[in-house]
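> Quick one: the structure is below, questions incoming.
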Amino acid sequence: MDSEALTVVLIVLLGAACCFPFLRARREGAEVDVFELVYPSTAYFFLLFVVRGVYTLSLGSAFIIPPVDLATRRALNLAFAYLFPALAAFYTGYYGTYASRLARWLPDLPARWSASRLASWGWAATAAGTASYLLLIQSLGGFSVYLSSKSEALTAAGTSYLAIGNSLLPAIFTISVSQWASGGSGYVGNLLLVLPPMLFLSATSGSKGAFLTPLLVAIVVHHYLRAKTRVRLLLGLAAAALVAIPIFNVYRHVPDIQLLWSYVGDSVSGAPAAEFLTHQWMSRFYGVDALALIIRDTPEVMDYQFGNTVYPLLVAWVPRQLWEDKPIVSFGKVFGETYLGEHFAGTGVSASATIVGEGYLNFHIPGMLAAAFLLGLGLRLAYEWLITRNRGGPGVFLYATLFLPLATAWEAPIAGLVSYLLALGAVALTLTVLFASRRSAPPAVE
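Going by the working numbering, the first residue of the sequence shown is number 744, and it counts up by one from there.
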């Protein structure tokens, strides 16, 4: 299990296994819906484990540095080997009949928005989201600290509820876009109100996801309510992501915004542009490295947890201002301090153990399989309920709102992902109740 040739073979075979959803659609003669969650989720799996595997094998990484010792090589090969049954469990959860049955138990959603409610009360949600954003900035020390010390601002504790309030801004934007895409009215005033604070939030967030999310949700909404997305638009979004990654990486790590250009110069000097950009693009996606280190160093660094990484989910709702010693909800911070302490100790950064890596740390291979199966089941349930059965403005709004965290869930900590989805879903469902029309029922599409 410590052969480099075996590593190459496993990477190639795992890449081939990622083609299964496309081959399945082709065999059944079905048209591929590019935003059906199985496709972007599988593509993200491919990036985290296959592309990253090629990168680590050829160029090395900050976590696995060539020449790779035998113990690490063996753990890397085991990681690739274990990913085959995990991917099969994911496909089983997604393509089984379980999600379709569960979706029938969920309530039907209204088919469209109420133009009068949206025009009358959309401004209130926009104002609440803007106020939450300003309070967040104030809690972090004001605009100067928020803009200049981005790494400190992004790792501050006790800001979850204010961040949930911030989600009102992209939510009102998404509702307004879905109202436009479905041919409704009452959205113009909300767009004029919400765009300035939302664009400022996105640009100064220090998060690539927050920056690209408004564009992504607009594309998803347009795809389901107006016209199918063309390939060139997806390529444009991918190009925007490639440009945003190095910019936001530098912005997040510069200690003071006034030192931005000198920091860029120090980062680029001594390295060819192509190599610099490659490292910047891949630095975010280290899934297979993390999984290999967990396999190699468990139980020496940390004993098997048997569900202990998930139990903080039960207390996630308690504000840290009321319980200063509340357990860290996101296992990513614990993982960064333990397995990757050389890189993340004392930084407060949440490192990605991946959902299957955390599953392994809890219950070995059965934990990986269970995490992957439940992920597949959850993605199919979201698609069945919100698109197959409720493809109206509200259903598409909910789907677009949850799309990115669901599509990228492979790298998320389990408790952090669930708590975030519950909070985001609660905000989105509340807005749906407030702004949806009561006059029409959605068409049930089987």
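C-beta: ideal position from N, C-alpha, C; glycine also.
1) Straight-line CA distance for Leu942 to Phe1140?
2) Leaving out the 5 sequence neighbours to the left and right, which residues in its chain are closer than 7 Å to Arg855 when beta-carbon positions are compared?
3) On the CB-based measure, 16 or more other CB atoms within 10 Å of its CB, does Val1188 come out buried or exposed?
4) Would you kindly work out how many angstroms separate the C-alpha atoms of Thr750 and Leu1122, rounded to a whole number?
5) Spell out the partners DSSP gives Trp856 in its beta bridges.
6) Would you check if the distance between the CB atom of Glu1101 and the CB atom of Phe1078 is smaller than 9 Å?
7) Roughly how many whole angstroms lie between the Cα atoms of Gln881 and Ala1035?
8) For the alpha helix (DSSP H) that Val781 lies in, which residues bound it at each end?
9) Go ahead and pull the three-state DSSP assignment for Trp848.
10) Please classify Trp1128 as buried or exposed, where buried requires at least 16 other C-beta atoms within 10 Å of its C-beta.
11) Leu1002 by DSSP, collapsed to three states: which one?
12) Using the Cβ count rule (16 or more neighbours within 10 Å means buried), how would you classify Pro1186?
13) If you draw a straight line from the alpha carbon of Glu774 to that of Leu766, how long is it in whole angstroms?
14) In or out: Phe954 buried (at least 16 other Cβ within 10 Å) or exposed?
15) My guess is that Gly1119 and Gly758 are in contact by the Cβ rule of under 8 Å, so how many angstroms apart are they, rounded?
16) Quick one: residues in its chain with C-beta nearer than 6 Å to the C-beta of Gly865, no 5 flanking neighbours on either side, listed in chain order?
17) From Ile918 to Ile962, what does the alpha carbon distance come to, in whole angstroms?
18) So is Val1031 buried or exposed if we call it buried at 16+ other beta carbons inside 10 Å?
19) Using only alpha-carbon positions, find the residue among Asp776, Thr799, Cys762 that is nearest to Ala831.
20) Work out the CA separation of Ala868 and Leu911 for me, nearest whole Å.
21) Would you call the region 839–848 and the region 797–816 in contact, with 3 or more CB pairs under 8 Å?
22) Just checking my contact of Ala1158 with Leu1083 at CB under 8 Å: how many whole Å lie between their CB atoms?
23) Quick check on the burial criterion: 16 or more other C-beta atoms within 10 angstroms. Buried or exposed for Ala970?
24) If you follow the alpha helix (DSSP H) that Arg816 is in, where does it begin and where does it stop?
25) Out of Tyr889, Gly872, Lys951, which has the shortest C-alpha to C-alpha gap to Pro939?
26) Excluding sequence positions up to five away, which residues of its chain have a Cβ less than 7 Å from the Cβ of Leu985?
27) Excluding the 5 residues preceding and the 5 following Ala1114 in the sequence, name in chain order all residues of the same chain whose CB lies nearer than 6 Å to its CB.
28) Identify the continuous alpha helix (DSSP H) that holds Ser948 and give its terminal residues.
29) Quick test of your reading: Leu1147 and Leu976, contact by CB under 8 Å. State the CB separation rounded to the nearest angstrom.
30) Looking only at its chain, what residues have a beta carbon closer than 7 Å to the beta carbon of Ala1125, apart from the 5 residues adjacent to it on each side?
31) On the DSSP letters alone, give me the boundaries of the alpha helix (DSSP H) that Glu747 sits inside.
32) What residue range does the alpha helix (DSSP H) around Gly1075 cover?
33) Please state whether DSSP places Asp1032 in a helix, a strand or coil.
34) Assuming Gln1048 is part of the alpha helix (DSSP H), what are its boundary residues?
35) Can you tell me whether DSSP reads Asp1040 as helix, strand or coil?
36) Taking 9 Å as the cut-off, decide whether the C-beta atoms of Ala818 and Ile1038 are in contact.
Quick look at the numbers:
1) Taking the straight line joining both Cα atoms gives about 19 Å.
2) Around Arg855, the same chain offers Ser925, Gly927, Gly1135, Gly1136, Ser1180, Ser1183 as residues with beta carbons nearer than 7 Å, after the five sequence neighbours per side are excluded.
3) Low local confidence applies: a pLDDT of 41 at Val1188 is under 50, so the model's placement there is unreliable, and no value is given.
4) Looking at the two C-alpha atoms, the distance is approximately 30 Å.
5) In the DSSP output, where bridge partners are listed per residue, Trp856 has Ala1179.
6) With respect to Phe1078, Glu1101 sits close: the two C-beta atoms are nearer than 9 Å.
7) About 40 Å.
8) Its alpha helix (DSSP H) spans residues 781–788.
9) Looking at Trp848 - three-state DSSP - the assignment turns out to be coil, as it is neither helix nor strand.
10) With a 10 Å radius around the Cβ and a threshold of 16 neighbouring Cβ atoms, Trp1128 comes out buried.
11) Confidence at Leu1002 is low in this model, with a pLDDT of 48, below 50, so the placement of that residue is unreliable and no value is reported for it.
12) Model confidence at Pro1186 stands at a pLDDT of 44, short of 50, so the residue's coordinates are unreliable and nothing is read from them.
13) Using only the alpha carbons, I get a separation of about 11 Å.
14) With 16 or more Cβ atoms within 10 Å of its Cβ, Phe954 is classed as buried.
15) That belief does not hold up - the Cβ atoms of Gly1119 and Gly758 are roughly 19 Å apart, past 8 Å.
16) Counting only Cβ-Cβ distances below 6 Å, and skipping sequence neighbours, we find Ile915, Asn933.
17) Ile962 has its alpha-carbon roughly 13 Å from the corresponding atom of Ile918.
18) By the Cβ neighbour-count rule, Val1031 is buried, with 16 or more other Cβ atoms within 10 Å of its own.
19) Scanning Asp776, Thr799, Cys762 for the CA closest to the CA of Ala831 turns up Cys762.
20) About 6 Å.
21) Verdict: no, contact absent.
22) The beta carbons of Ala1158 and Leu1083 sit about 19 Å from each other, so the pair does not count as a contact at 8 Å.
23) Taking a 10 Å sphere around the C-beta of Ala970, we find fewer than 16 other C-beta atoms and assign the residue as exposed.
24) Here the alpha helix (DSSP H) through Arg816 covers 813–838.
25) Pro939 has its Cα closest to that of Gly872, out of Tyr889, Gly872, Lys951.
26) Cβ neighbours of Leu985 within its own chain (closer than 7 Å, five residues either side excluded): Trp1024.
27) Only residues of its own chain outside the window of five on either side were considered, and among them Ile1098, Val1099, Gly1102 have a CB closer than 6 Å to the CB of Ala1114, listed in chain order.
28) No alpha helix (DSSP H) holds Ser948; DSSP gives it neither H nor E.
29) Wrong, their Cβ atoms sit about 17 Å apart, outside the cutoff.
30) Excluding sequence neighbours, Ala1125 sits near Leu780, Tyr1142, Leu1145, Leu1149.
31) Segment 747–760, the alpha helix (DSSP H) holding Glu747.
32) Looking at the DSSP string, the run of the alpha helix (DSSP H) that includes Gly1075 is 1074–1081.
33) Residue state, collapsed to three classes: helix.
34) That residue, Gln1048, is in no alpha helix (DSSP H); it is neither H nor E in DSSP.
35) Per DSSP, reduced to three states, the secondary structure at Asp1040 is helical.
36) Closer than 9 Å, so yes.
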